[in-house]
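Notes follow once the structure below has been shown.
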Amino acid sequence: MEKATEETAVNLMQLMLDEDWVREAVRIEEEAGCDIGAGFDLGANLGEFLQNPAGFARLLELRSLIMSEFLKLLASWDLGASMEAAVACGRQLLMERLLHPSPEAQQQLLAMLLSQELTAEAETTKKDDPELRFLVRSILTHSDWDAIATAAANAIREQVMRQQVGV
93 MEKATEETAV NLMQLMLDED WVREAVRIEE EAGCDIGAGF DLGANLGEFL
143 QNPAGFARLL ELRSLIMSEF LKLLASWDLG ASMEAAVACG RQLLMERLLH
193 PSPEAQQQLL AMLLSQELTA EAETTKKDDP ELRFLVRSIL THSDWDAIAT
243 AAANAIREQV MRQQVGV
């Protein structure tokens, strides 16, 4: 039985390295409109998180706050018909960056995670938070923002072409 468990764990880790599988998992989560739990890359840190459920809960809360702030940021740009495409692209890129943050982003995430203000921020999610917005903007790279802009532009292009054909 132990061997089967080890094989399952290895297969799951192999899946997490498969880009097509990860993209499909992200697509399924987006269709469901929630996080299904494709999993964090906790590796050797799993035991530490299990011993500190409050820390793990704060990590999930921070991820949720970051995603929420990302959505508010895009909404403030009034992207109209391209909003859905921008959100889908950005959400995927943001999840990738959160799973494998740069050293600078790791420091910012850890500082915010350890912050006592995290719970207060969760209760006032409608309030603008410049620190959280800065974190969202800095986690995503220039090429990520370019990909989001391209996805939005392509969505507008497709809509225009559909309208033109309908005329």
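Numbering (my numbering), first residue to last: 93 to 259.
The beta-carbon is built from N, C-alpha and C at its ideal position, and this holds for glycine as well.
Source: prediction; values computed, not measured.
(request) Evaluate the contact criterion for the stretch 193-200 versus the stretch 240-254: three or more CB pairs, one atom per stretch, below 8 angstroms. (result) no
(message) For D234, tell me which candidate among L224, G182, L205 and L206 has the shortest Cα-Cα distance.
(response) The sequence given here places His at residue 234; Asp does not occur at that position. Among L224, G182, L205 and L206, the Cα nearest to that of H234 is on G182.
(message) DSSP three-state label for H234, please.
(response) helix
(request) Give the single residue among D170, R189, A245 and A173 whose Cα lies nearest to the Cα of M159. (result) R189
(message) Quick check on I120: buried or exposed, where buried means 16 or more other Cβ atoms within 10 Å of its Cβ?
(response) exposed
(message) Using only CA atoms, which one of E123, A117, G172 and L186 lies nearest to N246?
(response) G172
(request) Please name the residue in K164, E176, S230 and A180 whose C-alpha comes closest to that of S194. (result) S230
(request) Might you give, ordered along the chain, the residues of its own chain that have their beta carbon closer than 8 angstroms to the beta carbon of M175, omitting 5 neighbours on each side? (result) L166, A167 and A244
(request) Could you check how far apart the C-beta atoms of E122 and V228 are, in whole angstroms? I think they sit under 8 angstroms. (result) Not quite, the Cβ-Cβ distance comes to about 18 angstroms (not below 8 angstroms), so this is no contact.
(request) Output the distance between the C-alpha atoms of E111 and V118, rounded to the nearest integer angstrom. (result) 11 angstroms
(request) Indicate the three-state DSSP secondary structure (helix, strand or coil) for S160 in the structure shown. (result) helix
(message) Let me check understanding here. Comparing Cα to Cα, which of D220, L163, R150 and E196 lies closest to Q184?
(response) L163
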